[in-house]
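If you read the sequence shown in this note's numbering, its first letter stands for residue 63, the second for the next number, and so on.
Written out below as structure tokens is the structure these notes cover.
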Amino acid sequence: MTFNDRTALVTGAGRGIGKAIAEDLARQGVKLICVSKNPASCGAVAEAITAAGGTAVARAVDVSDAKAVETVAAELIQEFGPIDILINNAGITRDGLLARMSEADWNAVIQTNLSSAFFWTKAVGWPMCRNRWGRIVNISSVSGIMGNAGQANYSAAKAGLIGFSKTTAKEFARRNVTVNVVAPGFIQTDMTADLPEEVQKGVTDFIPMRRFGQPADIAHATSFLCSEEASYITGQVFTVDGGMAM
Ligand code: NAD
């Protein structure tokens with residue numbers, strides 16, 4: 063894959079899928095801005111990338127806070143120059159059947175998983191358009207494609223990301239900025255480690271490949287969509303799910 067001296071910002075880069083994406087891009091020579099809510103975790107990822115010979119900095123930002131995103135994005139562009147690649151990966155779950163889902167849990171998931179992409183894309187996507195080069199990848203989920211009982215808030219946010227991505231793909235296409243979605247199936251991270259063992263077993267039986275994926279599986283697909291080689295791919299949903307959503 064070809065990357066010509068690019069800078070990427072990855073949200074939720076402190077662990078799991080975001081960490082794997084940051085590390086994979088760094089291995090290809092991309093400079094990294096690792097964003098997470100927790101300064102220690104994104105700091106440790108940036109340090110590990112630097113120790114391995116890459117270039118990375120970390121910023122602790124709550125991606126659900128519009129003002130914080132706007133301020134930090136402007137500071138980062140001032141300090142490091144244009145951000146060429148944006149990965150909206152940060153996400154949370156607040157699962158529960160609809161009848162028992164609180165408004166607070168609904169709002170938290172929509173704000174963190176969907177509104178955050180709107181905040182970052184406004185702050186970073188327009189400068190990309192002015193530069194006439196950019197890649198945005200939004201990390202959705204098969205839950206946003208197929209639905210999943212107990213995840214009304216999460217699947218609404220993840221489906222929303224798909225519509226948001228297709229629209230921004232159309233708005234940015236003439237400026238050579240692509241916007242795509244990666245929709246993971248069940249991936250082995252802290253997020254899925256919280257699922258009870260019987261649920262994990264039930265889910266595995268439903269996956270044609272009969273196993274959870276690894277964060278690196280998502281990272282490889284994401285890196286490809288950010289490379290020069292993917293320059294004519296935009297507005298697409300790339301499922302990486304062991305065959306679940308076909
Ligand atoms: P994770 O819980 O292991 O990591 C999430 C990261 O996001 C953490 O670094 C956390 O600090 C960060 N984060 C959460 N809220 C934040 C906020 N308000 N501001 C800044 N950072 C915040 O999760 P993961 O499994 O690595 O998932 C990453 C993404 O992939 C999420 O969007 C998730 O919905 C999606 N996804 C995961 C799976 C899976 O099976 N693990 C499946 C489909 C989609």
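Think of the CB as a built atom: it goes at the ideal place given N, C-alpha and C, for glycine as much as any other residue.
Just so you know, these numbers come straight off a predicted model, no measurement behind them.
- For residue 191 and residue 286, the gap between their C-alpha atoms comes out near 20 angstroms.
- When the five nearest sequence neighbours on each side are left out, the beta carbons in the same chain lying within less than 7 angstroms of the beta carbon of residue 122 are those of 98, 99, 100, 101, 104, in order along the chain.
- With 16 or more other Cβ atoms inside 10 Å of its own Cβ, residue 153 counts as buried.
- Taking residue 90 as reference, the option from 114, 108, 65, 278 with the minimal CA-CA separation is 65.
- Put simply, the backbone Cα of residue 106 is about 12 angstroms away from that of residue 85.
- For residue 277, the Cβ falls inside the 8 angstroms cut-off from some heavy atom of the ligand NAD.
- Residue environment analysis places residue 76 among the buried positions, since at least 16 neighbouring C-beta atoms fall within 10 angstroms of its C-beta.
- Take the alpha-carbon of residue 174 and the one of residue 126: they are about 5 angstroms apart.
- A contact between stretches requires three or more CB pairs, one per stretch, nearer than 8 angstroms, and the segment 262-276 meets this requirement with the segment 236-252.
- Sequence-distant Cβ neighbours of residue 297 in its own chain, meaning closer than 6 angstroms and more than five residues away, are 228, 231.
- In the DSSP assignment, no residue is bridged to residue 191.
- Membership of residue 285 in the alpha helix (DSSP H) is indicated by the continuous run 277-288.
- Annotated three-state conformation of residue 91 is coil, per DSSP.
- In the DSSP secondary-structure assignment, residue 181 is not bridged to any residue.
- As the crow flies, the alpha-carbon of residue 222 is around 8 angstroms from that of residue 206.
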